[in-house]
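A.B. asks:
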């Protein structure tokens with residue numbers, strides 16, 4: 053009887069197998085490409101070469117010596133910082149407004165951009181900013197604010213602004229979702245106690261709401277910073293890194309090295325550098341701000 057019980061206890065059920073399989077597949081999808089990119093960074097071979105030719109650190113030396121790499125690093129950092137700051141500030145503000153005054157319909161409306169595929173988002177923004185038929189140019193011309201259509205992808209500043217606005221529009225709802233979930237856990241008795249003490253809305257925000265959601269804010273800053281630094285699709289679909297490389301970030305730089313210049317060694321080196329930058333940033337951020345302690349404290 054005991055052996056039968058042990059046998060039944062050891063037999064994995066369908067749910068366990070399904071979860072383990074999905075987790076294993078996810079790890080494989082994440083780890084295998086990263087590992088292969090790192091390996092290619094130390095070779096002069098293609099991704100499907102029968103033999104790998106070891107190249108030492110030459111690809112990394114060439115990458116660090118490339119002025120385009122440092123420019124892409126600077127552009128990518130600016131893009132990630134600006135997008136993250138705007139997304140977090142707007143996301144927190146919108147979440148607080150919805151929490152205080154909104155309802156389910158408002159939440160659904162705000163979250164819609166995040167549910168739209170990135171390809172669709174890019175196509176919509178390209179259409180809206182088109183120099184001939186785009187709604188922005190049509191309205192600006194109709195109101196007499198400009199004398200000629202604006203070419204939003206003709207200059208570096210305008211192209212970067214377009215990419216930032218499109219990215220913030222699509223990904224701010226993620227911040228709203230996380231902050232709203234945290235706000236929903238706050239007991240109403242805390243606010244009632246504050247009102248008894250005579251707090252106004254500003255004091256309520258500064259001394260009650262923000263301290264409670266601080267852990268969630270730190271979390272979304274980390275996630276959005278990493279995701280925006282590693283963003284490829286929005287930029288590629290809107291500007292393809294142009295004009296003249298003014299919106300080329302490190303992921304686009306690595307892509308061009310691989311599929312534009314057919315140099316998979318340099319692409320692997322660039323991808324490895326991106327991975328190390330994000331890893332170091334994540335470790336430093338967690339050590340400095342300790343979001344896990346904030347979560348436990350909350």
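In the numbering used here, the protein residues as written are 53 to 350. Glycine included, every Cβ here is placed at the ideal spot set by N, Cα and C.
1) Mind checking who residue 299 pairs with in its DSSP beta bridge?
2) Where does residue 261 sit, in a helix, a strand or coil, going by DSSP?
3) Taking 8 Å as the threshold (C-beta atoms), are residue 93 and residue 320 in contact?
4) Go to residue 225, then tell me how far its alpha helix (DSSP H) extends in each direction, as first and last residue.
5) How would you label residue 303, buried or exposed, when you count the other beta carbons within 10 angstroms and need 16 or more for buried?
6) For residue 204, which residues from the same chain have a beta carbon less than 6 Å from its beta carbon, with the 5 sequence-adjacent residues on both sides left out?
7) According to the neighbour-count rule (16 or more other Cβ atoms, all chains shown, within 10 Å of its Cβ), is residue 335 buried or exposed?
8) Less than 8 Å between the C-beta atoms of residue 230 and residue 206, yes or no?
9) Can you tell me whether DSSP reads residue 172 as helix, strand or coil?
10) Quick check: the Cα distance between residue 228 and residue 144, rounded to an integer number of angstroms?
11) CB residue 327 to CB residue 86, shorter than 8 Å?
12) So, with DSSP's three-state summary, where would you put residue 251?
13) Can you tell me where the alpha helix (DSSP H) with residue 285 in it begins and where it stops?
14) Out of 237, 239 and 121, which one is the CA nearest neighbour of residue 39?
15) Can you find the residues in the same chain that come closer than 7 Å, C-beta to C-beta, to residue 285, ignoring five residues on each side of it along the sequence?
16) Pull up the distance between the alpha-carbon of residue 220 and that of residue 208, whole angstroms please.
17) Return the bridge partner residues of residue 106 from the DSSP annotation.
18) Measuring CB atoms only, is the segment 233 to 241 touching the segment 253 to 270, in the sense that at least three cross pairs come out at less than 8 Å?
19) Please report the residue range of the alpha helix (DSSP H) in which residue 137 lies.
20) In chain order, what residues of the same chain lie with their CB nearer than 6 Å to the CB of residue 200, ignoring the 5 residues before and after it?
21) Could you check the C-alpha separation between residue 339 and residue 274 for me, to the nearest Å?
22) What is the DSSP secondary structure of residue 203, counted as helix, strand or coil?
23) Go through the segment 312 to 341 residue by residue and report every complete run of the alpha helix (DSSP H) that reaches 4 residues or more, in order.
24) Using 8 Å as the cut-off, can you tell me whether the segment 145 to 160 makes contact with the segment 294 to 302, which would need three or more C-beta pairs spanning the two stretches below that distance?
25) If you count every other CB in all the chains shown that lies within 10 Å of the CB of residue 162, and 16 or more means buried, which is it?
26) Under 8 Å, do residue 276 and residue 139 count as touching if we go by C-beta distance?
27) Just verifying my parser: in three-state terms, what is the DSSP assignment at residue 282?
28) At which residues does the alpha helix (DSSP H) containing residue 163 begin and terminate?
C.D. replies: Taking the geometry as given:
1) Looking at the DSSP assignment, residue 299 forms no beta bridge with any residue, so it has no partner.
2) helix
3) yes
4) That run of the alpha helix (DSSP H) goes 208 to 235.
5) buried
6) 181, 210 and 214
7) In this structure residue 335 is exposed. Its beta-carbon is surrounded by fewer than 16 other beta-carbon atoms within 10 angstroms.
8) no
9) Note: residue 172 maps to helix in three-state DSSP.
10) As the crow flies, the alpha-carbon of residue 228 is around 6 Å from that of residue 144.
11) yes
12) Residue 251: coil per DSSP, three-state reduction.
13) 285 to 290
14) A query on residue 39 cannot be resolved here, the shown segment of the chain reaching from 53 to 350 and no further.
15) 170
16) About 18 Å.
17) 95
18) The segment 233 to 241 vs the segment 253 to 270: in contact.
19) 119 to 153
20) none
21) 12 Å
22) coil
23) 316 to 341
24) The answer is no - the segment 294 to 302 does not touch the segment 145 to 160, with fewer than three Cβ pairs under 8 Å.
25) buried
26) yes
27) coil
28) That run of the alpha helix (DSSP H) goes 156 to 167.
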